[in-house]
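First up is the structure itself, then whatever we jot down about it.
As structure tokens, this is what we get:
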């Protein structure tokens, strides 16, 4: 079976033989997996109280023992502060999170889920997990190898950042 990057590699080799296109062998399948995962999960959010991006933020907040600063949330999620701020504003306008002034830093706000936010997470997250389990069933005995390879890749990338 031909890999999806083989044809693109051949085209680049013909057009620009001086380019090392070997990174595409890793990055190409990753992008394809991310796109396929998004396509498979997007229907879950059609009538849900949260979008996928909002759920990601709320999941980080769901089990925090205390409110967190938006900047720390952005850093942990590796998102821009602006993107997190926009998401928090949408969530706050729907009563799913609250932002309160930090007692130690007047420039920062502490963020926490409201009971309605917890309920929204608790409603959609089990459905997402079930869909992900269904999607990954085909891995079978290779599951641990995939997990190890992905963790290795994440570790290598995080050391290069």
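In my numbering, the protein residues as written are 1207 to 1367. All C-beta atoms in this analysis are idealised placements derived from N, C-alpha and C, irrespective of residue type, glycine included.
Exposure label - residue i; buried when at least 16 CB within 10 Å
i: residue 1211; result: buried
i: residue 1297; result: buried
i: residue 1354; result: exposed
Rounded C-alpha distance that separates residue i from residue j
i: residue 1307; j: residue 1315; result: 5 Å
i: residue 1228; j: residue 1293; result: 36 Å
i: residue 1285; j: residue 1243; result: 19 Å
i: residue 1301; j: residue 1266; result: 17 Å
i: residue 1372; j: residue 1367; result: The shown model of the chain, from 1207 to 1367, leaves out residue 1372, and the question about it has no answer.
i: residue 1258; j: residue 1331; result: 10 Å
i: residue 1350; j: residue 1321; result: 36 Å
i: residue 1319; j: residue 1346; result: 36 Å
i: residue 1262; j: residue 1290; result: 11 Å
i: residue 1219; j: residue 1358; result: 28 Å
i: residue 1157; j: residue 1273; result: It is not possible to answer for residue 1157, since the shown part of the chain is limited to 1207 through 1367.
i: residue 1233; j: residue 1356; result: 12 Å
Beta-carbon proximity of residue i to residue j, cut-off 7 Å
i: residue 1323; j: residue 1303; result: yes
i: residue 1254; j: residue 1341; result: no
i: residue 1317; j: residue 1276; result: yes
i: residue 1336; j: residue 1256; result: no
i: residue 1312; j: residue 1250; result: no
contact_flag[the region 1280-1293, the region 1229-1245] where n(CB pairs < 8 Å) is 3 or more: Short answer: they don't touch.
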